[in-house]
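**Q**
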Amino acid sequence: LSDPSQYQSIVDAEWNIIYDKLDKCVQSGAKIVLSRLAIGDLATQ
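Heads up, the sequence shown is in the numbering used here, so the first residue is 5 and it goes up one at a time.
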């Protein structure tokens, strides 16, 4: 990265991906999501 603003755009893109995946889980009607991967505090809320 050559500019700090580039870092923020990457972070923002990652958050958008996370929120999109969580929204798809909710829209599917799933009550439980099983995964071997860590999901982080955001997903558990």
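Ideal placement from N, C-alpha and C gives every residue a C-beta, glycine not left out. Please read all numbers here as calculations on a predicted model, not as lab measurements.
Along the chain, where does the alpha helix (DSSP H) that runs through V30 open and close?
**A** Looking up residue 30 in the sequence shown gives position 26. Its alpha helix (DSSP H) spans residues 8 to 31.
**Q** Out of curiosity, what's the CA-to-CA distance linking W19 and S13?
**A** Against the sequence shown, residue 19 aligns to sequence position 15. Against the sequence shown, residue 13 aligns to sequence position 9. Roughly 10 Å between the two C-alpha positions.
**Q** Taking just the CA atoms, how far does S9 sit from K28?
**A** The count along the sequence shown starts at 1 and reaches residue 28 at position 24. The count along the sequence shown starts at 1 and reaches residue 9 at position 5. If you take the alpha carbons of K28 and S9, they lie about 29 Å apart.
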